[in-house]
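Asker: Sequential numbering from 0 applies to the sequence shown in numbering that gives the first Met the number 0. Note that the Cβ used here is the ideal one computed from N, Cα and C, for glycine as well. A quick note: this is a predicted structure, and the numbers were derived from the prediction, not measured. Once you've had a glance at the structure underneath, I'll fire off some questions.
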Amino acid sequence: MNRARALWVGIDLAWGTRNPSGLAMLEWREDRLCEVAPTQLGYSDEEICLSIAERDVCDTLIIAIDAPLVVPNLTGERPVEGEMRRRFARYHAACHPANRRLLGEPPRGERLCAMLAERLNVQVAPAPPVRQACRVAFEVYPHAAMVRLFRLPRILEYKARSGR
């Protein structure tokens, strides 16, 4: 088994466990990314951790999570959400405010990261370090990334709504 590979995991974390969270997993092998498993759905933090653990054979584990991971504020919004609104509202890509009153105690992203730390030795980081082995989880906001990467005039609407 070649442990020099890297496992990349993307999680679209549902705010609660009633709706499923989406997981996508890719592994860096030699010089390319390869799909490790078909996109999966998981309801509980336990299911998400188990899915990752089953495929975790790499020194490097990088987990990008579309959810608030560090929420110190009881009410209002985090500074990053104000900055994202300032920069991306014109693209309809502003973030929802994250606070402990809205998200619960503790917020789901924090609970999941605590479980990932305990079971898979994953630490929360602002971003993965460049060119060194690591086991990190970090918060992402795909709408803003897609607007920038693909030079979109506004976000891609993908959630079902009446009239769409």
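In chain order, what residues of the same chain have a beta carbon less than 8 Å from the beta carbon of V35, not counting five sequence neighbours either side?
Answerer: Same-chain partners within the cutoff: L6, M24, L25, E26 and R54.
Asker: Am I right that A166 and F137 are in contact with their C-beta atoms under 8 Å? What's the rounded C-beta distance?
Answerer: Any property of residue 166 remains undetermined from this structure, which presents the chain solely from 0 to 163.
Asker: Starting from the C-beta of P152, find all residues in its chain whose C-beta is less than 8 Å away, skip the five residues before and the five after it, and write them out in chain order.
Answerer: Y90, listed in sequence order.
Asker: Using only CA atoms, which one of I10, A13, G41 and R4 lies nearest to C33?
Answerer: When only C-alpha atoms are compared, the closest one is R4.
Asker: Between the C-alpha atoms of P71 and R99, what's the straight-line distance to the nearest angstrom?
Answerer: Straight-line Cα distance between these residues: approximately 7 Å.
Asker: Thinking C-alpha only, which one of A116, E104 and V135 is nearest T59?
Answerer: If we check each option's Cα against that of T59, V135 comes out closest.
Asker: Hey, would you say L102 sits closer than 8 Å to I47, going by beta carbons?
Answerer: Result no, Cβ atoms of L102 and I47 do not sit closer than 8 Å.
Asker: Thinking C-beta only, is A97 closer than 8 Å to E82?
Answerer: Cβ atoms of E82 and A97: not closer than 8 Å.
Asker: Starting from R134, trace the beta strand (DSSP E) in both directions and tell me its first and last residue.
Answerer: Per DSSP, R134 belongs to the beta strand (DSSP E) from R134 to E138.
Asker: Go through the region 68-156 residue by residue and report every complete run of the alpha helix (DSSP H) that reaches 4 residues or more, in order.
Answerer: Within the region 68-156, the complete alpha helix (DSSP H) runs of at least 4 residues are 78-87, 99-102, 107-119 and 141-148.
Asker: Please classify H95: is it buried, with 16 or more other beta-carbons within 10 angstroms of its beta-carbon, or exposed?
Answerer: Looking at its Cβ environment, which holds fewer than 16 other Cβ atoms inside 10 Å, H95 is exposed.
Asker: Cutting at 7 Å between CB atoms, please list the residues of its own chain near R118, excluding the five before and the five after it.
Answerer: Here the set comprises C48 and A52.
Asker: Is D65 near L115, with beta carbons less than 8 Å apart?
Answerer: Against a cut-off of 8 Å, the Cβ pair of L115 and D65 comes out as no contact.
Asker: Please state whether the Cβ-Cβ distance between V69 and V139 is less than 8 Å.
Answerer: No, Cβ-Cβ distance for V69 and V139 is not below 8 Å.
Asker: Using DSSP's beta-bridge definition, name the partner residues of W7.
Answerer: Partner(s): L25 and I61.
Asker: Kindly identify the DSSP beta-bridge partner or partners of R164.
Answerer: One cannot answer for residue 164 here, as it falls past the ends of the chain, which runs 0 to 163.
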